[in-house]
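Engineer: Below you will find the structure I want to go over with you.
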Amino acid sequence: MAALAVTAWIELVPLSDCILPPFTSKVTRAAFARLWGVEPRMPKRRASFSLLFRGGRPLYRALEGRGDAGSIRLAARRGERLYCRCSLITPTSLELPEPTGLVRVGAAEFEARVISMEVVEVSELRASLPRKFVLRFKTPTLLPVPGRGSLLREAGVKRRYRLVPDLPLALKLLAYDLRLQGIGLIRSSPRRIFAWAYRALAELDYRVRPVTVLYTVREGRPAVERGFVGYVAYELLDEKSDYAEDFYRLMGYALRFGIGKSRSIGFGYVEAAPLPDASSRES
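So the sequence shown is numbered by the working numbering: it starts at 460 and just counts up by one.
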């Protein structure tokens with residue numbers, strides 16, 4: 460049986476005012492485990508658990524300056540509706556979830572229910588994008604630069620991600636990950652899809668900013684990551700190439716699983732839409 464891509468949207472309603480984890484995908488994973496009755500233990504590259512969303516905005520704790528990370532609080536109100544997405548690749552279909560369930564994360568309690576599900580064969584993943592489109596980076600996106608690791612180690616630096624969008628690089632990294640998983644979604648090699656995308660994707664507009672996000676606090680010390688959020692408007696200049704079909708397939712994968720590093724825990728969440736009028740482009 461062909462591998463399946465499963466995407467589920469979950470609604471969570473806090474039963475009282477509560478403090479959320481600094482990076483709210485922890486709640487998403489707990490909701491998945493409660494509703495499906497299983498812990499999400501598949502390989503990281505085969506699953507993505509989004510942050511919680513409130514009114515279309517992701518919930519995470521951004522740090523500014525050198526303030527005390529422990530003093531920052533991310534709260535939810537009793538009765539408000541929060542949403543999250545779970546995406547995973549599985550060799551077999553999932554059991555149907557429970558209709559509703561009580562989710563506990565720390566002192567917070569939520570009523571959770573699945574509001575929609577999509578199940579398709581992985582080979583059918585494809586995004587229908589117009590020639591001009593906007594790609595929105597909704598959560599901090601972490602794009603590692605291949606080959607940089609040795610230089611960072613020599614400098615005594617743990618990591619440095621790109622702080623500006625690089626869609627050709629993101630596509631190359633996705634293609635490489637799919638190859639490692641043995642998933643034949645595209646025919647092009649990572650190197651060739653990068654070279655084609657570098658020529659074929661023209662930036663028309665952008666609004667991007669770097670952001671430092673608090674992931675957790677370990678032994679009183681904040682664990683943070685620094686990436687970027689915002690949007691870029693693109694024009695696809697080469698719609699008729701065979702590489703364009705691989706581009707649409709990779710984007711279909713990215714829109715469900717994210718791009719860049721740590722997308723399994725909610726980094727690199729992206730959305731795409733036709734290019735709107737200039738007056739309506741907001742990050």
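Every residue gets a Cβ at the ideal spot worked out from N, C-alpha and C, and that includes glycine. All of these numbers come straight from a predicted model, not from anything done at the bench.
Could you tell me the alpha carbon to alpha carbon distance between Tyr702 and Val672, rounded to whole angstroms?
Structural biologist: One C-alpha to the other measures close to 35 Å.
Engineer: Going straight from the alpha carbon of Val573 to that of Gly565, what length do you get?
Structural biologist: Put simply, the backbone Cα of Val573 is about 22 Å away from that of Gly565.
Engineer: Roughly how many whole angstroms lie between the Cα atoms of Ala661 and Val497?
Structural biologist: CA-to-CA, the gap between Ala661 and Val497 works out to about 43 Å.
Engineer: For my contact list, Gly686 and Val667 are in at a C-beta cut-off of 8 Å; report their separation, rounded to the angstrom.
Structural biologist: The pair is not a contact, with the Cβ atoms about 10 Å apart (cut-off 8 Å).
Engineer: In the DSSP assignment, find the alpha helix (DSSP H) that holds Gly608 and state where it starts and stops.
Structural biologist: 608-614
Engineer: Counting C-beta neighbours from all protein chains within 10 Å, is the total for Gly606 16 or more, i.e. buried, or is it exposed?
Structural biologist: exposed
Engineer: Looking at C-beta atoms only, is the number of pairs between the region 693-711 and the region 632-652 that lie closer than 8 Å three or more?
Structural biologist: Contact holds: three or more Cβ-Cβ distances are below 8 Å.
Engineer: Less than 9 Å between the C-beta atoms of Pro599 and Val670, yes or no?
Structural biologist: yes
Engineer: State buried or exposed for Arg612, treating a residue as buried only when at least 16 other CB atoms are found within 10 Å of its CB.
Structural biologist: exposed
Engineer: Any idea what DSSP makes of Tyr707, helix, strand or coil?
Structural biologist: helix
Engineer: Can Pro473 and Glu583 be called in contact, C-beta distance under 9 Å?
Structural biologist: Not in contact: Pro473 and Glu583 (Cβ atoms no closer than 9 Å).
Engineer: Report the start-end ranges of each alpha helix (DSSP H) in the region 569-647 that is 4 residues or longer and not cut off at the edges.
Structural biologist: If we require 4 residues or more, the alpha helix (DSSP H) runs fully inside the region 569-647 come out as 608-614, 626-640.
Engineer: Tell me which residues share the same chain as Ser742 and place their Cβ nearer than 6 Å to its Cβ, disregarding the 5 neighbours each side in the sequence.
Structural biologist: Bear in mind that the predicted position of Ser742 carries a pLDDT of just 49, short of 50, making it unreliable; the figure below should be weighed with that in mind. Same-chain partners within the cutoff: Arg666, Gly689, Tyr690.
Engineer: Kindly give me the distance between the Cβ atoms of Ala654 and Phe706, rounded to whole angstroms, as I take these residues to be in contact under 8 Å.
Structural biologist: So it is not a contact: roughly 12 Å between Cβ atoms.
Engineer: What residue from Leu561, Thr483, Leu594, Arg715 has the CA that sits closest to Tyr542's CA?
Structural biologist: Thr483
Engineer: Identify, in the order they occur along the chain, each residue of the same chain with its Cβ nearer than 8 Å to the Cβ of Thr549, setting aside the five sequence neighbours on each side.
Structural biologist: Ala462, Leu463, Val465, Met501, Arg505
Engineer: Can you give me the Cβ contacts of Ala467 inside the same chain, cut-off strictly under 6 Å, excluding the 5 residues immediately before and after it?
Structural biologist: Cys545, Val573, Met576
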